[in-house]
C-alpha cells in the first residue's frame, strides 16, 4: 500500500520542496521500521536499540505531521491536500501498528530471556543440592563403614 504522490525533481516551488521532504521523511521512517523488524526477526534487537529506534520513529512521525501542515500555511487547503492528509494518517497508523507489534515482540523476548535466566538459576541450585546430597551420602556411607570396621 505504498502510494506516493509523484513530484518532479525539478519542481523547486515551496510546495514541491515540501512534498519531496515529506516523501523523504516517510521513506526514512519506513526504512527504520523495516530495519527494526529485521533486527528483531534475527534476534539481534536489544532493548536500548529498540528504544532508540522507537524514539527515532516518533521523531519521523512528528516531522511528517509538521511538514504536512506547511502547505496549508502557505495556501488554502485543497481537496488533494485532504486526500494527502488521509494518506499520511493512514501511513502513520500503519507505522504505529508495526511499532506496537515490535514492542509486543520485544516484551515477549524480554520475558522469555528473564524466564530462561530464572530457569538456569533453578537448575544450578538443583545441581548444587544434588551434589550436596551426594556428598552427604558419601559421608554417611563412610561413617557406616567406619562403624562396621570398629565393631
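Residue numbers (the numbering used here): 13 to 163. Idealized CB from N, CA, C, for every residue including glycine.
How many Å lie between residue i and residue j at the Cα?
i, j, result
"residue 69", "residue 51", "15 Å"
"residue 102", "residue 58", "29 Å"
"residue 17", "residue 77", "In this prediction, residue 17 scores a pLDDT of 48, lower than 50, which makes its location untrustworthy; no coordinate-derived value is stated."
"residue 134", "residue 124", "15 Å"
"residue 152", "residue 127", "37 Å"
"residue 34", "residue 116", "29 Å"
"residue 140", "residue 149", "14 Å"
"residue 53", "residue 121", "11 Å"
"residue 138", "residue 60", "33 Å"
"residue 145", "residue 158", "20 Å"
"residue 42", "residue 94", "22 Å"
"residue 56", "residue 46", "14 Å"
"residue 100", "residue 136", "53 Å"
"residue 147", "residue 64", "51 Å"
With H, G and I counted as helix, E and B as strand and the rest as coil, what does DSSP make of residue i?
i, result
"residue 56", "coil"
"residue 24", "coil"
"residue 17", "Reliability of the predicted coordinates at residue 17 is poor, the pLDDT of 48 falling under 50, and the value obtained from them is presented with this limitation in mind. Here residue 17 sits in coil by DSSP."
On the CB-based measure, 16 or more other CB atoms within 10 Å of its CB, does residue i come out buried or exposed?
i, result
"residue 160", "exposed"
"residue 109", "exposed"
"residue 118", "buried"
"residue 107", "buried"
"residue 162", "exposed"
"residue 37", "buried"
"residue 31", "buried"
So, using beta-carbon positions, are residue i and residue j closer together than 8 Å?
i, j, result
"residue 66", "residue 131", "no"
"residue 62", "residue 44", "no"
"residue 97", "residue 80", "yes"
"residue 39", "residue 83", "no"
"residue 73", "residue 104", "yes"
**Study point:** Any alpha helix (DSSP H) of 4 or more consecutive residues that is wholly inside the segment 34-99
**Key:** 59-86
Practice item. Counting only runs of 3+ residues fully inside the segment 95-125, write out the beta strand (DSSP E) ranges in chain order. Key: none
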